[in-house]
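Colleague: My structure is below; once you've seen it, I'll send some questions.
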Amino acid sequence: MTRRLIVALTGASGAVYGVRLLQVLRTVPDVEIHLMVTPAGWMNVDQELGIGRPQVEALAHVVHAVKDVGASVASGSFATDGMIVAPCSMRSLAAIAHGLSDNLVARAADVVLKERRRLVLMVRETPLNLAHLRNMVAVTEMGGVVFPPVPAFYNRPASVDALIDHTVGRVLDLVGVSQALSPEWQGLKARPAGEV
């Protein structure tokens with residue numbers, strides 16, 4: 202049975218997370234990817250990765266214009282398994298937190314929340330002001346998952362790519378997609394007696 206996942210890239214630094222997510226999802230045979238990218242999202246793809254729009258759009262099965270609030274993903278009757286915003290700008294976070302639905306990213310997220318489906322926001326900003334924090338609380342109270350792409354070091358990553366893959370793997374876990382990028386934690390290795 203095919204699962205539908207919505208992926209949105211917005212205007213925060215970290216376009217690599219969204220593109221890598223698309224690359225990995227494209228290898229999963231039973232996932233249909235619905236993509237939307239904001240204008241600032243495209244700007245960041247170009248600035249940070251130097252790749253063109255056709256290359257990114259080719260990773261999705263369906264591409265929606267961000268202004269098309271009449272798209273399939275704008276309705277709860279169009280069944281999906283959830284949505285990932287990677288990266289999620291503070292502007293997009295605010296629109297989602299306040300139910301503005303003024304573009305397809307915010308509208309699709311609103312639908313995912315109202316239908317009690319999984320919404321994961323890879324929010325990217327630092328430091329955080331009070332408005333950012335309150336918007337994160339609001340989304341969390343509505344059932345969304347706020348997932349800042351904070352790198353983990355317990356697995357001793359050997360490269361930036363390894364850091365990115367670990368984060369993408371964790372996000373895929375949250376939407377129920379099996380992955381091998383981030384193996385589950387097995388606990389600390391046993392140490393000989395007397396060793397700290």
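In the numbering used here, the protein residues as written are 202 to 397.
Where a beta carbon is used, it is the ideal one built from N, C-alpha and C, also for glycine.
What residue range is occupied by the uninterrupted beta strand (DSSP E) comprising residue 367?
Modeller: It is not in any beta strand (DSSP E) - residue 367 instead sits in the alpha helix (DSSP H) that spans 361-375.
Colleague: In or out: residue 283 buried (at least 16 other Cβ within 10 Å) or exposed?
Modeller: It counts as buried.
Colleague: Leaving out five residues on either side along the sequence, give the residues of the same chain with a beta carbon under 8 angstroms from the beta carbon of residue 223.
Modeller: Answer for residue 223: 208, 234, 236, 257, 260 and 261, listed in chain order.
Colleague: Is it true that the stretch 305-315 meets the stretch 270-284, where meeting means three or more beta-carbon pairs spaced less than 8 angstroms apart?
Modeller: They touch, by the three-pair rule.
Colleague: Buried or exposed, going by whether 16 or more other CB atoms sit within 10 Å of the CB of residue 220?
Modeller: Buried is the call here.
Colleague: Is the stretch 381-390 touching the stretch 359-372 in the sense that three or more CB pairs, one from each, lie closer than 8 angstroms?
Modeller: Verdict: yes, contact present.
Colleague: If you follow the alpha helix (DSSP H) that residue 240 is part of, which residue opens it and which one closes it?
Modeller: Here the alpha helix (DSSP H) through residue 240 covers 240-245.
Colleague: Rounded to the nearest angstrom, what separates residue 244 and residue 212 at their Cα positions?
Modeller: Distance between the alpha carbons of residue 244 and residue 212 is about 7 angstroms.
Colleague: Just the Cα atoms here: how many angstroms apart are residue 372 and residue 265?
Modeller: So the two alpha carbons sit approximately 22 angstroms from each other.
Colleague: Would the stretch 318-332 and the stretch 244-255 be scored as touching if the rule is three or more Cβ pairs under 8 angstroms?
Modeller: Result no; under three Cβ-Cβ pairs closer than 8 angstroms.
Colleague: When the Cα atoms are used, what is the spatial distance from residue 386 to residue 271?
Modeller: Those two C-alpha atoms are separated by around 42 angstroms.
Colleague: Could you name each continuous alpha helix (DSSP H) segment of 4 residues or more that falls completely within the stretch 283-355, going from the start of the chain to the end?
Modeller: Runs of the alpha helix (DSSP H) inside the stretch 283-355: 291-298, 305-315 and 331-342.
Colleague: Nearest CA to the CA of residue 328: which residue from 339, 253, 351 and 231?
Modeller: Of the candidates 339, 253, 351 and 231, the one whose C-alpha sits nearest the C-alpha of residue 328 is 351.
Colleague: If we count the other Cβ atoms within 10 Å of its Cβ and call it buried at 16 or more, is residue 345 buried or exposed?
Modeller: Buried is the call here.
Colleague: Ends of the alpha helix (DSSP H) at residue 227?
Modeller: From DSSP, the alpha helix (DSSP H) with residue 227 extends over 216-227.
Colleague: From the DSSP secondary-structure annotation, give me the bridge partner or partners of residue 233.
Modeller: Per DSSP, 205.
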